[in-house]
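Peer 1:
Number of protein chains: 2
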Amino acid sequence: MARVHTGESVLARTVRIVESFRSDDSLLTVSEIARRSGLHISTTSRLIDELVGCGWLEREDRKVRIGVRLWEVASRASPTLGLREAAMPFMEDLHAVVGQHTQLGVLEGDEVLFIERLTAPGAVVNYTRIAGRMPLHVSSSGLILLAHGPSELQERILGEPLKVFTDKTIRTPRQLRGVLADVRRHGYILCAGHLYPDTTGVAVPVRDGTGKVIAALSVVVPNDEKAYAQIPALQAAAKGITRVMTTASK
Amino acid sequence: MARVHTGESVLARTVRIVESFRSDDSLLTVSEIARRSGLHISTTSRLIDELVGCGWLEREDRKVRIGVRLWEVASRASPTLGLREAAMPFMEDLHAVVGQHTQLGVLEGDEVLFIERLTAPGAVVNYTRIAGRMPLHVSSSGLILLAHGPSELQERILGEPLKVFTDKTIRTPRQLRGVLADVRRHGYILCAGHLYPDTTGVAVPVRDGTGKVIAALSVVVPNDEKAYAQIPALQAAAKGITRVMTTASK
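Which chain is which? The protein sequence lines are A and B, in order.
The first sequence stops at residue 250 when you use our numbering, and every number in between is there.
The second sequence stops at residue 1250 when you use our numbering, and every number in between is there.
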């Protein structure tokens, strides 16, 4: 039998071990993994041994990290690879022109998940990273995805407390409802200082061939009057991505 | 107890299911997964249900694919993320100048694994893709990594039959030994038509702060006399990556 006495399966425990790795610390000790996953140290140690054996985790000195093999398996058949490959040439051009962070986000649960980010030394401060997440109400990409997302999701986010980052962060359901309506009407959003006082996020929707919004394309630029000027370039890039994806799937 | 009657653990079976996804087909039926993983259909079906439950696999119609959640977990703490983030600005510049495929590969087992690739519509034919692999003796990146790799690996590859792709492919141990010596002497390689008659791979080593070769940076260009001209740009980009990685780790 595959289940252990607590009723949790080996597979569920394995998932908990692998998911104890976060982006801020890629090397963990066995006891840190045990603590984060809430599993007994001996169970943790045995499952880590097995995961190392199949290359999904790797040892470095006395610590453990995600193995290249797991990255490879997850990436080669990733559901986001087609979107990323279609988007990348347009993101590169945009990044070359704007000279600031350029990123592509998708809706994942109640957050925006960034599947790609181009950045350059000297660019403005930016909290996102590849495979990083952000609350929907605070990120320009998140607001695009929420505005075009399922109405149940909108109601849920509108019903929860909205985490405040700066004095410009959207903080009331009424404000958020207004912003979502604006996003649908205008086809873009500008978030000046919502997350960090000195930066503005500018985002537009990316649609598939049927018109459905599948991602948000955004740049993070200095918080000044030039931010508006990025909108046409973003919109043109988003149209290009749709065109490439539509052609590729035919 | 976690082991089933064949002696293979639940974890090993889970790994086999997830690894049955390849880059050429991202959507599989349960019976295809069972066939590829060599597991009984009922075991396969039960483990897939569990993997879908935790978001590591997703269902689409009657098929199954790798879940965004698995990609996220594997990517956010990926051992290659630091290298990739250091390399990306230089790869973008190179890609903008060369206008052809620009890629970053690491040694993984007996093959080169491509962890990043920038490409553009209209570029020359290219077999690689992100998280794709290539035999070491046939790829310019692979030859760089093999030339600086462990001597046991070199001896093993030299002792095995070398797969032939074109009439230019390296096919004898003597040829390969000569090429590896040249790579170490010159610090670059040009593979004209080794993999495909009309293209040339040009690659250089990327070193860490201690001088150890950790990756290969390459471009795939048309097979003509201009290919040589890419070498200085590739070498300068590789030096830039080393500099950024050395600064970041201080």
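From the three backbone atoms N, C-alpha and C, an ideal C-beta is built for every residue, glycine too.
Nothing here was measured: the structure is a model prediction, and the numbers come from that model.
Please go through the same chain and pick out, in chain order, the residues whose beta-carbon is closer than 8 Å to the beta-carbon of Ala192/A, but skip the five residues on each side of it.
Peer 2: Lys168, Thr200, Asn223 and Ala227
Peer 1: Is Val1018/B buried or exposed, if buried means 16 or more other CB atoms sit within 10 Å of its CB?
Peer 2: With 16 or more other Cβ atoms within 10 Å, it is buried.
Peer 1: Exposed or buried, which one is Glu1160/B when buried takes at least 16 other CB atoms within 10 Å?
Peer 2: exposed
Peer 1: Please confirm whether Phe21/A has its beta-carbon closer than 8 Å to some beta-carbon of chain B.
Peer 2: yes
Peer 1: Determine the direct distance from the alpha carbon of Glu1008/B to that of Gly1105/B, and round the result to whole angstroms.
Peer 2: 33 Å
Peer 1: Report yes or no: is there a C-beta of chain B within less than 8 Å of the C-beta of Leu70/A?
Peer 2: yes
Peer 1: So that I know if they touch, is there some Cβ in chain A lying closer than 8 Å to that of Met1088/B?
Peer 2: yes
Peer 1: Should Gly53/A be labelled buried (16 or more other beta-carbon atoms within 10 Å of its own) or exposed?
Peer 2: exposed
Peer 1: By a C-beta neighbour count over all protein chains shown, 10 Å radius and 16 as the cutoff for buried, is His5/A buried or exposed?
Peer 2: Caution is warranted here: a pLDDT of 44 is assigned to His5/A, below 50, making its placement in the model unreliable, and the coordinate value is therefore given only provisionally. So His5/A ends up on the exposed side.
Peer 1: Would DSSP call Gln1230/B helix, strand or coil?
Peer 2: helix
Peer 1: Find the residues of chain B that neighbour His137/A, judging by a C-beta separation of less than 8 Å, and give them in chain order.
Peer 2: For His137/A, there are no neighbours in chain B by C-beta distance under 8 Å, as the nearest C-beta there is about 20 Å away.
Peer 1: At a CB-CB cut-off below 8 Å, which residues of chain B make contact with Glu256/A?
Peer 2: The shown model of chain A, from 1 to 250, leaves out residue 256/A, and the question about it has no answer.
Peer 1: In this structure, how does DSSP classify Ser218/A when only helix, strand and coil are distinguished?
Peer 2: Here Ser218/A carries a strand assignment [DSSP, helix/strand/coil].
Peer 1: If you count every other CB in all the chains shown that lies within 10 Å of the CB of Arg1243/B, and 16 or more means buried, which is it?
Peer 2: exposed
Peer 1: From Ser1037/B, Leu1217/B and Phe1165/B, pick the residue whose C-alpha is nearest to that of Met1091/B; which is it?
Peer 2: Leu1217/B
Peer 1: Does the separation of the CB atoms of Met245/A and Ala86/A fall below 8 Å?
Peer 2: In this structure, Ala86/A lies closer than 8 Å to Met245/A by Cβ.
Peer 1: Less than 8 Å between the C-beta atoms of Val112/A and His194/A, yes or no?
Peer 2: no
Peer 1: Please determine whether the Cβ atom of Pro79/A lies at a distance below 7 Å from any heavy atom of the ligand MN.
Peer 2: Questions concerning the ligand MN fall outside what the structure shown contains, since it holds no ligand whatsoever.
Peer 1: Identify the contact partners of His1095/B in chain A, using a Cβ-Cβ distance below 8 Å as the criterion.
Peer 2: Glu92
Peer 1: For a contact meaning CB atoms closer than 8 Å, what does Glu50/A contact in chain B?
Peer 2: Ser1009, Leu1011 and Ala1012
Peer 1: So which residues of chain A does Gly1178/B contact, with C-beta pairs closer than 8 Å?
Peer 2: Those within 8 Å of Gly1178/B in chain A number zero; the least Cβ separation is about 30 Å.
Peer 1: How far does the beta strand (DSSP E) with Phe165/A in it reach, from first residue to last?
Peer 2: Careful: Phe165/A lies outside any beta strand (DSSP E) and carries neither H nor E.
Peer 1: Can you give the Cα-Cα distance for Ser1037/B and Ser1020/B, rounded to whole angstroms?
Peer 2: Each residue's alpha carbon lies about 6 Å from the other.
Peer 1: Do Ala1077/B and Arg78/A have their beta-carbon atoms positioned less than 8 Å apart in this structure?
Peer 2: Sequence check: residue 78/A is Ser here, not Arg. Cβ distance not < 8 Å, so Ser78/A and Ala1077/B don't count as in contact.
Peer 1: Go ahead and pull the three-state DSSP assignment for Gly1240/B.
Peer 2: Helix, per DSSP.
Peer 1: Just verifying my parser: in three-state terms, what is the DSSP assignment at Gly1105/B?
Peer 2: Look at Gly1105/B here: in three-state DSSP terms it is strand.
Peer 1: Measure the alpha-carbon distance for Ala2/A versus Lys63/A and round it to whole angstroms.
Peer 2: Note that Ala2/A scores 40 on pLDDT, short of 50, meaning its location in the model is unreliable; the coordinates nonetheless yield the value given after this. Looking at the backbone, the Cα of Ala2/A and that of Lys63/A are separated by about 28 Å.
Peer 1: Could one say the Cβ of Thr1029/B lies closer than 8 Å to chain A's Cβ atoms, at least one of them?
Peer 2: no
Peer 1: What do you get for Val1221/B, buried or exposed, if any count of 16 or more other CB atoms within 10 angstroms of its CB means buried?
Peer 2: buried
Peer 1: Name, in chain order, the residues that DSSP records as bridge partners for Thr1191/B.
Peer 2: Rather than Thr, the amino acid found at residue 1191/B in this sequence is Cys. Answer by DSSP bridge pairing, in chain order: Gly1201/B.
Peer 1: Along chain A, which residues have their Cβ under 8 Å away from the Cβ of Glu1058/B?
Peer 2: Pro79
Peer 1: Within the same chain, show all residues whose beta-carbon is closer than 6 Å to that of Val1213/B, passing over the 5 residues directly before and after it, in chain order.
Peer 2: His1148, Pro1205 and Arg1207
Peer 1: Taking Gly132/A as the query, report the chain B residues whose CB atoms sit under 8 Å from its CB, ordered along the chain.
Peer 2: Near Gly132/A (Cβ distances below 8 Å), the residues of chain B are Arg1076.
Peer 1: Based on the DSSP output, what are the partners of Leu1057/B in its beta bridges?
Peer 2: Ile1066/B
Peer 1: Can you give the Cα-Cα distance for Gln1100/B and Pro89/A, rounded to whole angstroms?
Peer 2: 11 Å
Peer 1: Establish whether the CB of Val15/A and some CB of chain B are separated by less than 8 Å.
Peer 2: True, the Cβ-Cβ gap to chain B drops below 8 Å.
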